[in-house]
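Asker: Below: one structure in structure tokens.
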Amino acid sequence: MSVVGIDVGFQSCYVAVARAGGIETVANEYSDRSTPACVSFGPRNRSVGAAAKGQVVTNCKNTVQGFKRFHGRAFLDPYVQSAKSSLVYDLAQMPSGMTGIKVMYMEEEKVFSIEQVTAMLLTKLKETAETAMKKPVADCVISVPSFYTDAERRSVIDAAQIAGLNCLRLMNETTAVTLAYGIYKQDLPAPEEKPRNVVFVDLGHSGYQVSVCAFNKGKLKMLASAFDAELGGKDFDEVLVNHFCEEFGKKYKLDVKTKPRALVRLYQECEKLKKLMSANSSDLPLNIECFMNDIDVTGKLNRGHFEEMCAGLLAKVEAPLHSVMEQAKLKKEDIYAVEIVGGASRIPAVKERVSKFFGKELSTTLNADEAVARGCALQCAILSPAFKVREFSITDVVHYPISLKWNSAAEEGLSDCEVFPRNHAAPFSKVLTFYRREPFSLEAYYNNPKELPYPDPTIGTRTNTCTCSINFVLLMVVSEARLLGTLEDGKQEKNHAPSAKKPKVKTKTVELPIENSLHWQLTNDLVNLFMENEGKMIMQDKLEKERNDAKNNVEEYVYEMRDKLHGVLEKFVSESDRDTFALRLEDTENWLYDDGEDQQKQVYIDKLAELKKLGQPVQERYIEAEERPKAFDELGRHIQQYMKIVEAYKTKEEQYEHLDELEMLKVDKQVNDAMIWMNSKMNAQSKQNFTQEPAVKVQEIQAKTKELYSACNPIVSKPKPKVEIPKDEKEEQNGPINGQEDTDAQPGSPEKGAAGSTVAPESAEGNKLPQMDID
């Protein structure tokens, strides 16, 4: 069973896997552990990750990034409408009313749902994990921001299903970080002791999350969380972009925002500048060549000026810190440590404000980029039966209060009830009992819309329900409904005496079907359709890769042979053949950039076969000339070895005197035959030109060497026969020495057995050795 944790970020993604040695963040095909959250669409295939990132400038209208924020949102959502203006790609409305992304794919205009685009990215991350683990991946744990609502979370689950992943659990990014922090701590207080309170500050590229967690040995409990979904590294980038757009407008008379490619390049350079300013306080340059209208632009900025421009953003840092402390009802003195993670947390001004608020030095024991993925992998390992992980209990919280609304009796109208207040423990189930004679509807909703980073507080509607729960994925789930009723065994007669025995009453339980109407969730039919389409696109990508590989093989062969014809292969091909082959290579190169630019895979395979038909004999002659001397040397070494053994046998050397004479005659004949064969072949080869086929091939020489070895080695390597010493000789060795007589009267002398054998007495020391058990 695979154990994989996936952190799908706004800008970058990380994949962590559990192995025998622990949790490891795996690298992609570019040996980079960070995979850009980017998908690019082309006329023949898709590019995902690093390959797509390289097309952000050249194919900006069809390269999608930053789509994570549109999960579960309708096209008419105010947030979506406001974000449209800052995007270089187009958004469109899906038939369901949800947000879609409009691109040109396979020479056609296509609209993909956010779930489909995320599934494309997850498919790539799945391939990365499978390459690292060398086995199929299905089960995983995926991270989501803690401020995601029910609709956004269900959208991510649908995306995972489309990608062929079984998402065992959606995990809040804040909870994943706390797990990665706490499970390795060996000095946590005992369960009965006062818990250790740690604050986690996560400032990523698109969101700002703060949580406080109580740790005891073997468990963690989230106490509270706060967030600002509109504050992240991208907002600091936006400040820089606006600054340089204004500067370049005045300095070079350029309207940068009217040119998508120029704007994308400026975003990339501003992000680099922001990272450099985190490590340097001096003036830093920004230079872009051929920025717009073949104009080179330059600018400069320092950290102090940057912090002044970002004063409004930096002022937002403290609000979630105040909120989380109030919710947890903790004082700053109760906080043991403040752990900071997230890419944008490296901005010095952010760290300074967080540190000043708590009056503590910030802790950076976790990897700021990979902590979420590692926490997800740990959670997956805990859920997996294939790994033994130390017991660790995780209690999360409900981030938004959830209420239920239902129709009461006709005279009462609507009734509602808050089922899960804010920061209620999760997972958790509650049972509600309703007295109804007919089906009724139950609506779940967030009862404080002002706190939501989402315009619609509705979660969904259920019919015939009475059991609801918040699960580990933090989704509102109605798990079952039961009808409880009473039945009487018999009916009373009209004239029956009042004092008669009452009829027996039974209680019967009936399972009722549940009809769910979830807000903005994909239907099963639509999910299946998207899965089928994803499979087709994966196959198309595979075919296109094979086609490109076949084309690249032809191009590579052309360049390789052109260089070698005037290099190492020059003396192995005649001048006329060389000119013919060089002309064919030149024609093929021209064909590749003309008619052969876009051909089927088989056309390239056939073209390569035609070229190899001319080039292979030349290469073989070169290889033969290189390897032939080595093969002859090896054969000569064996001949010399066996000749020496034959000579040693003839001179009656003790080492070989046990060998059979007839067999040694056979060895002598084999050696002489091999010598004659080698000399004849070497003479024949010396008369051959380099441009001619060799008189003898390396394979023949190696076969002759093997034949000689097989015939001679079993004979010359026969061991000497063992000489057995007679028993009477052994007895004589134990007899009298130096003229001493063997008398029974001599004390301590060994006794003789019935067969005349000698029995040696046990030594005194031997009797004292202890009996030892060997493990």
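Residue numbers for the sequence shown follow my numbering, beginning at 2 and rising by one. Ideal Cβ placement from N, Cα and C applies to all residues, glycine included.
Within the same chain, show all residues whose beta-carbon is closer than 7 angstroms to that of GLY50, passing over the 5 residues directly before and after it, in chain order.
Answerer: ASN29, THR36, PRO37, CYS39, LYS125
Asker: Which stretch, first to last residue, makes up the alpha helix (DSSP H) that contains CYS271?
Answerer: 261-280 is the extent of the alpha helix (DSSP H) around CYS271.
Asker: Using C-beta distances below 6 angstroms, list every residue in its chain close to GLN210, excluding the 5 sequence neighbours before and after it, in chain order.
Answerer: SER147, THR175, ASP203, PHE228
Asker: Going by C-alpha to C-alpha distance, which of THR129, GLN617, ASN46 sits closest to GLU561?
Answerer: GLN617
Asker: DSSP has PRO37 in a bridge; who is on the other side?
Answerer: Looking at the DSSP output, PRO37 shares a beta bridge with SER13.
Asker: Do you know how far the Cα of THR129 is from the Cα of GLU627?
Answerer: Looking at the two C-alpha atoms, the distance is approximately 41 angstroms.
Asker: So what does GLU25 bridge to, in DSSP terms?
Answerer: VAL18
Asker: Name the one or two DSSP bridge partners that ASN553 has.
Answerer: None; ASN553 has no bridge partner.
Asker: Based on Cα-Cα distance, which residue from ALA704, GLN686, THR299, ASN714 lies nearest to LYS252?
Answerer: THR299
Asker: What does ARG47 pair with, by DSSP beta-bridge criteria?
Answerer: PHE42
Asker: Can you name, in chain order, every residue of its own chain whose Cβ lies under 8 angstroms from the Cβ of VAL351, other than the five neighbours on each side?
Answerer: LEU204, LEU315, VAL318, ALA345
Asker: Please give the ranges of any alpha helix (DSSP H) in the stretch 154-197, keeping only runs that are unbroken, at least 4 residues long and fully inside the region.
Answerer: 174-183
Asker: Roughly how many angstroms separate the alpha carbons of LYS123 and ALA263, rounded to a whole number?
Answerer: Note that residue 123 corresponds to Leu in the displayed sequence, not to Lys. For LEU123 and ALA263, the distance between alpha carbons rounds to 29 angstroms.
Asker: Counting pairs of Cβ atoms below 8 angstroms between the stretch 166-182 and the stretch 90-105, do you hit three or more?
Answerer: no
Asker: Three Cβ pairs or more, each shorter than 8 angstroms: is that satisfied between the stretch 349-364 and the stretch 135-152?
Answerer: no
Asker: Give me the Cβ distance between LYS602 and ALA551, rounded to the nearest whole Å; I'm assuming they're in contact under 8 angstroms.
Answerer: 5 angstroms
Asker: Since CYS377 is in the alpha helix (DSSP H), which residue starts that stretch and which ends it?
Answerer: 372-384
Asker: How is ASN448 classed by DSSP in three states: helix, strand or coil?
Answerer: coil
Asker: Using the Cα positions of LEU277 and ARG563, report the straight-line distance between them to the nearest angstrom.
Answerer: 45 angstroms
Asker: Could you tell me whether the Cβ atoms of THR132 and TYR90 are closer together than 8 angstroms?
Answerer: Contact: no.
Asker: Around the C-beta of VAL200, are 16 or more other C-beta atoms found within 10 angstroms, so that it is buried, or is it exposed?
Answerer: buried
Asker: Contact defined as beta carbons within less than 8 angstroms: I believe GLY183 pairs with SER207. What is the distance between those atoms, to the nearest angstrom?
Answerer: No, GLY183 and SER207 are not in contact; Cβ-Cβ is about 26 angstroms, not under 8 angstroms.
Asker: Kindly identify the DSSP beta-bridge partner or partners of MET223.
Answerer: Beta-bridge pairing by DSSP links MET223 to CYS214.
Asker: DSSP three-state label for ASN243, please.
Answerer: helix
Asker: Can you tell me the Cβ-Cβ gap for PHE531 and VAL4, rounded? I've got them flagged as a contact below 8 angstroms.
Answerer: Actually they are not in contact, since the Cβ atoms of PHE531 and VAL4 sit about 26 angstroms apart, beyond 8 angstroms.
Asker: Comparing alpha-carbon positions, which option in HIS400, GLU272, GLU439, ARG438 lies nearest PRO422?
Answerer: HIS400
Asker: What's the gap between the Cα of THR26 and the Cα of GLU270?
Answerer: When rounded, the distance between both Cα atoms is 28 angstroms.
Asker: Quickly, what does DSSP pair GLN82 with across the bridge? List them, please.
Answerer: The partner list for GLN82 (beta bridge, DSSP) is empty, contrary to what the question assumes.
Asker: Contact check, SER404 vs CYS418 under 8 angstroms by CB: the rounded distance?
Answerer: 6 angstroms
Asker: Does the contact criterion of 3 or more C-beta pairs under 8 angstroms hold for the stretch 276-290 versus the stretch 69-77?
Answerer: no
Asker: Given that a residue counts as buried once 16 or more other Cβ atoms are within 10 Å of its Cβ, and exposed if not, what is PRO196?
Answerer: PRO196 comes out buried.
Asker: Since LEU141 sits in a beta bridge, which residues does DSSP pair it with?
Answerer: Note that residue 141 is Cys in the sequence shown here, rather than Leu. According to DSSP, CYS141 bridges with CYS168.
Asker: According to DSSP, is ASP564 helix, strand or coil?
Answerer: helix
Asker: In angstroms with no decimal places, state the Cα-to-Cα distance between HIS425 and SER226.
Answerer: One alpha carbon belongs to HIS425, the other to SER226, and they sit about 11 angstroms apart.
Asker: Give the straight-line distance between the Cα atoms of TYR337 and ASN198, rounded to the nearest whole angstrom.
Answerer: Roughly 6 angstroms between the two C-alpha positions.
Asker: I'd like to confirm the pairing. Which residues does DSSP put opposite VAL5 in its beta bridges?
Answerer: VAL18
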